[in-house]
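Novice: Following this message is one structure expressed as structure tokens.
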Amino acid sequence: MTSGRPYLVRALYEWIVDNDCTPHLLVNVEHPGVQVPDGFASDGQIVLNVAPSAVRHLQMDNRAISFEGRFGGVPHSLHVPSAAVMAIYARENGQGMVFEIEPTPPDDTPPADDSPADNSASSRPASSGRPSLKVVK
Numbered sequence: 414m415t416s417g418r419p420y421l422v423r424a425l426y427e428w429i430v431d432n433d434c435t436p437h438l439l440v441n442v443e444h445p446g447v448q449v450p451d452g453f454a455s456d457g458q459i460v461l462n463v464a465p466s467a468v469r470h471l472q473m474d475n476r477a478i479s480f481e482g483r484f485g486g487v488p489h490s491l492h493v494p495s496a497a498v499m500a501i502y503a504r505e506n507g508q509g510m511v512f513e514i515e516p517t518p519p520d521d522t523p524p525a526d527d528s529p530a531d532n533s534a535s536s537r538p539a540s541s542g543r544p545s546l547k548v549v550k
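Residue numbers (our numbering): 414 to 550.
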């Protein structure tokens, strides 16, 4: 089964915008394929304002989120794989969703959990563990 993360991010983005709030993405900049401007990340993370008024050419598909944004007045093209999105929330009230980090296992390393229930899930390339939801207050 494909990851539900991109679907949830798109739905929450629409919900946040429909409620006249500002959608922000929390992104793991150390995830492979993340392209964000240098010098704006802190502790391996960056918060991106993805409001329609703040970005241009926003594209959200099942693989990645891409858009053009300005940092320090300089335009940049950004690319964020869906697995690198750690959270999406409204700036005004913090409502949204936090996602579990999807680890990228090193080559030739077997999964840590070898239980029969998780064995079938760990053999799928799109997911390396069981998904979970967390309450954001």
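A virtual CB, placed ideally from N, CA and C, is assigned to each residue, including glycine.
None of the values given here were measured: they were computed from a predicted structure.
Rounded to whole angstroms, what is the Cα-Cα separation between Pro529 and Gly482?
Specialist: The residue given as residue 529 occupies position 116 in the sequence shown. The residue given as residue 482 occupies position 69 in the sequence shown. The pLDDT assigned to Pro529 is 45, lower than 50, so where the model puts this residue is not dependable; a value taken from the coordinates is nonetheless given after this. Their Cα atoms are separated by approximately 45 Å.
Novice: Please state whether the Cβ-Cβ distance between Ile459 and Val487 is less than 7 Å.
Specialist: Numbered from its first residue, the sequence shown carries residue 459 at position 46. Numbered from its first residue, the sequence shown carries residue 487 at position 74. Contact: no.
Novice: For Ser416 and Ser479, which I take to be in contact (beta-carbon distance under 8 Å), what is that distance rounded to the nearest angstrom?
Specialist: Here residue 416 is taken as the residue at index 3 of the sequence shown, counted from 1. Here residue 479 is taken as the residue at index 66 of the sequence shown, counted from 1. The Cβ separation is near 17 Å, so there is no contact.
Novice: With H, G and I counted as helix, E and B as strand and the rest as coil, what does DSSP make of Ser490?
Specialist: Taking the sequence shown and counting its residues from 1, the one referred to as residue 490 is at position 77. Residue state, collapsed to three classes: strand.
Novice: Counting Cβ pairs closer than 8 Å, one from the region 502 to 514 and one from the region 426 to 445, do we hit at least three?
Specialist: A contact exists between the region 502 to 514 and the region 426 to 445.
Novice: Arg504 to Pro436, Cα distance in whole Å?
Specialist: If you number the sequence shown from 1, residue 504 lands on position 91. If you number the sequence shown from 1, residue 436 lands on position 23. Each residue's Cα considered, the two are about 6 Å apart.
Novice: Nearest to Val463 by alpha carbon, out of Asp451, Gly446, Met473?
Specialist: Numbered from its first residue, the sequence shown carries residue 463 at position 50. Nearest C-alpha to Val463: Met473.
Novice: Decide if Glu414 is buried, meaning its Cβ has at least 16 other Cβ atoms within 10 Å, or exposed.
Specialist: Within the sequence shown, numbered from 1, the residue matching residue 414 stands at position 1. Looking at the sequence provided, one finds Met at residue 414 rather than Glu. Under this definition Met414 is an exposed residue.
Novice: Under the rule that 16 or more other beta-carbon atoms within 10 Å means buried, what is Asn432, buried or exposed?
Specialist: Sequence index remark: in the sequence shown, residue 432 carries index 19 (1-based). Classification of Asn432: exposed, given that the 10 Å Cβ count is below 16.
Novice: Quick one: what's got a C-beta closer than 7 Å to Leu421's C-beta in the same chain, skipping five residues either side?
Specialist: For this step, residue 421 is matched to residue 8 along the sequence shown. Counting only Cβ-Cβ distances below 7 Å, and skipping sequence neighbours, we find Met510.
Novice: So, for Arg537: in the same chain, excluding its five sequence neighbours on each side, which residues have a beta-carbon less than 8 Å away from its beta-carbon?
Specialist: Along the sequence shown, read from residue 1 onward, the residue named residue 537 stands at position 124. With a pLDDT of only 39 at Arg537, under 50, the local geometry of the prediction cannot be trusted, and no value is derived from it.
Novice: Only counting the same chain, and skipping five residues up and downstream in sequence, which positions put a Cβ closer than 8 Å to that of Phe484?
Specialist: Within the sequence shown, numbered from 1, the residue matching residue 484 stands at position 71. Excluding sequence neighbours, Phe484 sits near Pro450, Phe453.
Novice: Which one of Asn475, Ser490, Cys434, Ala477 has the shortest CA to CA distance from Pro381?
Specialist: Residue 381 lies beyond the stretch modelled for the chain, which goes from 414 to 550, so this question has no answer here.
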